[in-house]
Structure formats: C-alpha cells, structure tokens
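Structure record follows, encoded as structure tokens.
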Amino acid sequence: MSVVFAGVCSHAPGITGRAELADPAVRDPFYAAYREMGEALRATRPDAVVIVAAEHFANFFMDKMPSFAIGMADHYDGPIEDPEWLRIERQRMPGNAALSKRLITEVMETVDVAYCEEWKFDHGIMVPLHFLTPESDVPVIPVNVNCQGPPLAPLHRAWALGEALRRAADEVPERIALIGTGGISHWPATPDSGKINEEWDRDFLDRWCRNDRTALLDYDDATTYAVAGQGGFEIRTFLVVSAAAAGAPGTLRFYAPIPIFAVGCTVADYDLTSRAA
Amino acid sequence: MSLYAVQKALYELNRSESRQAAYRTDRSAAVEGYDLTMEEAGAIVDADIGLLYHFGVNGQILMHFAAFNGIAWPDYLQLMRDGIATHGPVREGIYALSGYEGTAEHSARLGQREGVQ
Numbered sequence: 001m002s003v004v005f006a007g008v009c010s011h012a013p014g015i016t017g018r019a020e021l022a023d024p025a026v027r028d029p030f031y032a033a034y035r036e037m038g039e040a041l042r043a044t045r046p047d048a049v050v051i052v053a054a055e056h057f058a059n060f061f062m063d064k065m066p067s068f069a070i071g072m073a074d075h076y077d078g079p080i081e082d083p084e085w086l087r088i089e090r091q092r093m094p095g096n097a098a099l100s101k102r103l104i105t106e107v108m109e110t111v112d113v114a115y116c117e118e119w120k121f122d123h124g125i126m127v128p129l130h131f132l133t134p135e136s137d138v139p140v141i142p143v144n145v146n147c148q149g150p151p152l153a154p155l156h157r158a159w160a161l162g163e164a165l166r167r168a169a170d171e172v173p174e175r176i177a178l179i180g181t182g183g184i185s186h187w188p189a190t191p192d193s194g195k196i197n198e199e200w201d202r203d204f205l206d207r208w209c210r211n212d213r214t215a216l217l218d219y220d221d222a223t224t225y226a227v228a229g230q231g232g233f234e235i236r237t238f239l240v241v242s243a244a245a246a247g248a249p250g251t252l253r254f255y256a257p258i259p260i261f262a263v264g265c266t267v268a269d270y271d272l273t274s275r276a277a
Numbered sequence: 001m002s003l004y005a006v007q008k009a010l011y012e013l014n015r016s017e018s019r020q021a022a023y024r025t026d027r028s029a030a031v032e033g034y035d036l037t038m039e040e041a042g043a044i045v046d047a048d049i050g051l052l053y054h055f056g057v058n059g060q061i062l063m064h065f066a067a068f069n070g071i072a073w074p075d076y077l078q079l080m081r082d083g084i085a086t087h088g089p090v091r092e093g094i095y096a097l098s099g100y101e102g103t104a105e106h107s108a109r110l111g112q113r114e115g116v117q
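Order-wise, the sequence lines are chains A and B. In terms of the numbering used here, the first sequence opens at residue 1 and continues consecutively. In terms of the numbering used here, the second sequence opens at residue 1 and continues consecutively.
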C-alpha cells in the first residue's frame, strides 16, 4: 500500500499537563483541530501509525545516541513521566514488530537506523496519541530523530529518512499513517520556557505547506538556536514528513502561540491525493 | 565536574521505576556508581534544581526529575532562575538565557487569559 495520511502536530507536555492554565478561547480550538486530525487519520483506516518524534532522553542518551531509530516491538509502554504530571495514564500500546522489521529493512537500503525492541514513550509520543488514537487501537511504530543531544544529523539526512520511510511504506501491503511531532520555535524546559518566535514559526509553516524542499533545508542549527531556541532543532521531524509526502501540498489546520503550553501549537497535514504525492 | 555523569545519573533515575523507589527511601542510592564530585552528588540528593541547571543539565532531563520530585511547573521555572541568580550562568552544555518576559506577560500581550480556570 503506501502512506494514507501524513500530518504534523505539537507534543509539548503542557498541552495536557497544564490544560487548565491556558485560555479556553485559544486552547479549545486547538484541541478541536487536534481531535479533527485524529478523526481524519482514523478515517483512512491505517494498519499502523508511524510517529516520527524527537524523544527527550527517555530511551537514548549520549552514551549511545543514534541519529535515527525505529521501534521494532509488539508493544510499548508510556508515559515515562509521572502520569499525574502529564495527566495521561500509564498504559501499554500495541506495536507491530513484523511490520517494523519490514519497514526497517527497506529504510536501511539508503539510511542507517538503530532498531529498538524496547522503547518507552515520553510526552513526545503520548501527547499526540492522546488526541489522535485515544482508544490506543491502532498499532504504533515509533521513529526517533535525535534533536536533543548535538551533534545532530544534518537536515538533508532527515529528508533522506523521510524519503526512505515513504519508499518502505510503498513496499508493504499495510496502510501507513505518518505523523511528525515536534515544536517549531521554543525554549522548552528552561527558564525561557514559553518564549515563541511566531514570525519564524509562520515562515517555517509556509515552507512546510508548500513542501518546498530547498526552502525547508535552508536552515542551519546555529541560526535556529539563536532565533528559535534549542527546541527549533525539532523541525527535523516535520521535514521527515515533508519528504515522505513527496511534493504534496499541505494545509495548516491550526497555529497559535500558547505560552503556557510553551510552544506554537500546530496541526497541519498534507493532501496525499494531489498529483504530486 | 562531569556534566555527562550528572546527566546520566538523572537519565537512569528518570526512566527506572526501581531506581525511583530506591531514591524515595535512600536518596544517596541514586548517585552510587557515578563519577560525581561531592557538589554534583549533593545536588542530586538534595534535588537542587537551580544548581543542576547551573551545571548545564539538559532541561528535558531536569524537567522529568523535577516532576518526579513533585515540583510544580512554575516552581520548576523559578528554581532554575534562582539557580542562575545564586550560582551564575550555565557552566556547560547547550543552554544560554535568551531573555524572556515570562508566560503571564506574554499571554497578556497576545490577549490570552492565562490561568483563568
């Protein structure tokens, strides 16, 4: 089959953990857009959700830090954080080790990845799944892009990973929903948490919706760090989805900076029915 | 000073329920086996968020450790600020303060009512 859905969304822990502190006037439309994306995703009847995340030292550390990793297990547990803090119950989610193995094998034709038979989900995956597959009834295949501990893979390698995932999805009979999740500009978990560069975010999202490879790769980490914070490194997850969407145009369903959530809250997807895709 | 060792001790504590149980009964157990200075070990045993941030501990590791210790979000942010005020700028790692007004002022500037429920 192939990729039947491709979208991106925010995952900051405050989205669930500090819900009551946000203004309902902006929070509720964000939640609605998030849930609508979940409905659209589930309407494509995916056999698996491949979720490209930027995990936060739940599984990977600087002793052995892979640039890219893909889960290969029949189940995953999460959240790793205090469930009361994140306000998402600890649970076991289904995976599909056999499908993971086939995807990984094909991805490895062009991109080296670590494979993982164990993986603990943190907020970077738990928050999206909370909105997108709240019944935990769709197998999940996690993909990680190191966005936390430099040196990081160059953006063009993240793009190559997206192309490889698309090729792998095209090779298997299963229907694959692809989600990228990260922040755009943000300074998470620091004293500057809540700072958001809306202008930079909107420019990035314009590039993302045009699926303009040249424009999306025209960033360097030093500048991103200076104007978009260390959280800006997570644009890599969005780029993976862009590459996998193979030129399809995107639609921004929701964007608003919500400081108490510490991120410009984003929901967007690609139109895979377009000729370019 | 070993930022790597401090972060590794916290990383392994954050992801292990058995280590967390041990920490609750004997906090010094969390620092055994790591190549830490007395100051570094003390910061972990005392859950001194400000000092750990000053060391340069990645916020994504520190945030989980703070949550595990039951530290509320605004207190977590303030403890880091206090750490900088007390101990000086971040010693090592990827962080530098960029200047920020805080979420309450930022939300107000955007016309959002923060903390209204």
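Even glycine gets a Cβ: it sits at the ideal position worked out from N, Cα and C. Note that the coordinates shown come from a computational prediction; the quantities given were computed from them, not determined experimentally.
Residue i - containing alpha helix (DSSP H), residue span
{"i": "L13 (chain B)", "result": "L3 to N14"}
{"i": "I44 (chain B)", "result": "M38 to V45"}
{"i": "D203 (chain A)", "result": "E198 to R210"}
{"i": "V172 (chain A)", "result": "Note, V172 (chain A): premise wrong, no alpha helix (DSSP H); not H, not E."}
{"i": "D31 (chain B)", "result": "Sequence inspection shows Val at residue 31 (chain B); the Asp mentioned does not correspond to that position. Run containing V31 (chain B): none; DSSP gives neither H nor E here."}
{"i": "L143 (chain B)", "result": "For chain B, the structure presents residues 1 to 117; residue 143 (chain B) sits outside this window and is missing."}
{"i": "A108 (chain B)", "result": "T103 to R109"}
Limits of the beta strand (DSSP E) - the one that residue i falls within
{"i": "F68 (chain A)", "result": "F68 to G71"}
{"i": "M37 (chain A)", "result": "M37 (chain A) -> not in any beta strand (DSSP E); alpha helix (DSSP H) instead, spanning P24 to A43."}
{"i": "Y76 (chain A)", "result": "H75 to G78"}
{"i": "A256 (chain A)", "result": "G250 to I258"}
{"i": "G232 (chain A)", "result": "Segment: none, G232 (chain A) is in no beta strand (DSSP E) and carries neither H nor E."}
{"i": "P128 (chain A)", "result": "P128 (chain A) -> not in any beta strand (DSSP E); alpha helix (DSSP H) instead, spanning H123 to L132."}
Helix, strand or coil at residue i [DSSP, three-state]
{"i": "F5 (chain A)", "result": "strand"}
{"i": "V240 (chain A)", "result": "helix"}
{"i": "F61 (chain A)", "result": "coil"}
{"i": "I94 (chain B)", "result": "coil"}
{"i": "Q148 (chain A)", "result": "coil"}
{"i": "Q20 (chain B)", "result": "helix"}
{"i": "T105 (chain A)", "result": "helix"}
{"i": "R157 (chain A)", "result": "helix"}
{"i": "Y53 (chain B)", "result": "helix"}
{"i": "P94 (chain A)", "result": "strand"}
{"i": "A53 (chain A)", "result": "strand"}
{"i": "L99 (chain A)", "result": "helix"}
{"i": "I176 (chain A)", "result": "strand"}
{"i": "I141 (chain A)", "result": "strand"}
{"i": "G59 (chain B)", "result": "helix"}
Test item: CB-CB of residue i and residue j under 8 Å
{"i": "E81 (chain A)", "j": "P13 (chain A)", "result": "yes"}
{"i": "A262 (chain A)", "j": "S193 (chain A)", "result": "yes"}
{"i": "V140 (chain A)", "j": "Y76 (chain A)", "result": "yes"}
{"i": "I84 (chain B)", "j": "I49 (chain B)", "result": "no"}
{"i": "G38 (chain A)", "j": "L132 (chain A)", "result": "yes"}
{"i": "G162 (chain A)", "j": "I235 (chain A)", "result": "no"}
{"i": "I88 (chain A)", "j": "M62 (chain A)", "result": "no"}
{"i": "L77 (chain B)", "j": "V6 (chain B)", "result": "no"}
{"i": "V241 (chain A)", "j": "V8 (chain A)", "result": "yes"}
{"i": "Y255 (chain A)", "j": "R202 (chain A)", "result": "yes"}
{"i": "D23 (chain A)", "j": "R113 (chain B)", "result": "yes"}
{"i": "A245 (chain A)", "j": "L272 (chain A)", "result": "yes"}
{"i": "V111 (chain A)", "j": "V52 (chain A)", "result": "no"}
{"i": "F55 (chain B)", "j": "E12 (chain B)", "result": "no"}
{"i": "A69 (chain A)", "j": "C116 (chain A)", "result": "yes"}
{"i": "L252 (chain A)", "j": "A268 (chain A)", "result": "yes"}
{"i": "V45 (chain B)", "j": "V57 (chain B)", "result": "no"}
{"i": "G124 (chain A)", "j": "A19 (chain A)", "result": "no"}
{"i": "V145 (chain A)", "j": "A158 (chain A)", "result": "yes"}
{"i": "G264 (chain A)", "j": "C209 (chain A)", "result": "no"}
{"i": "I196 (chain A)", "j": "P257 (chain A)", "result": "yes"}
{"i": "A67 (chain B)", "j": "W85 (chain A)", "result": "yes"}
Neighbour list for residue i in chain A, Cβ cutoff strictly below 9 Å
{"i": "M38 (chain B)", "result": "Correct list: empty, because the minimum Cβ distance to chain A is about 23 Å."}
{"i": "I84 (chain B)", "result": "P191"}
Contacts of residue i in chain A (Cβ-Cβ under 7 Å)
{"i": "R113 (chain B)", "result": "D23"}
{"i": "T103 (chain B)", "result": "G194, P259 and I260"}
{"i": "I94 (chain B)", "result": "P150 and Q230"}
{"i": "H106 (chain B)", "result": "G194 and P259"}
{"i": "V52 (chain B)", "result": "It is worth fixing the name first, because residue 52 (chain B) is Leu in this sequence and not Val. Correct list: empty, because the minimum Cβ distance to chain A is about 12 Å."}
{"i": "R27 (chain B)", "result": "Ordered by position in chain A, no residue passes the 7 Å Cβ test against R27 (chain B), which lies about 17 Å from the chain."}
Chain B contact residues for residue i, given Cβ-Cβ distances below 7 Å
{"i": "Q148 (chain A)", "result": "N58 and Q60"}
{"i": "E81 (chain A)", "result": "H64 and A67"}
{"i": "A153 (chain A)", "result": "Here the premise fails: no neighbours, minimum Cβ distance about 16 Å."}
Partners in chain B for residue i, counting only beta-carbon separations shorter than 8 Å
{"i": "W187 (chain A)", "result": "S98 and Y100"}
{"i": "D63 (chain A)", "result": "K8"}
(message) Taking 8 Å as the cut-off, does the segment 162–176 of chain A touch the segment 103–123 of chain A (at least 3 CB pairs, one atom from each stretch)?
(response) yes
(message) I want to know whether the segment 58–76 of chain B touches the segment 179–194 of chain A - three or more CB-CB distances under 8 Å.
(response) yes
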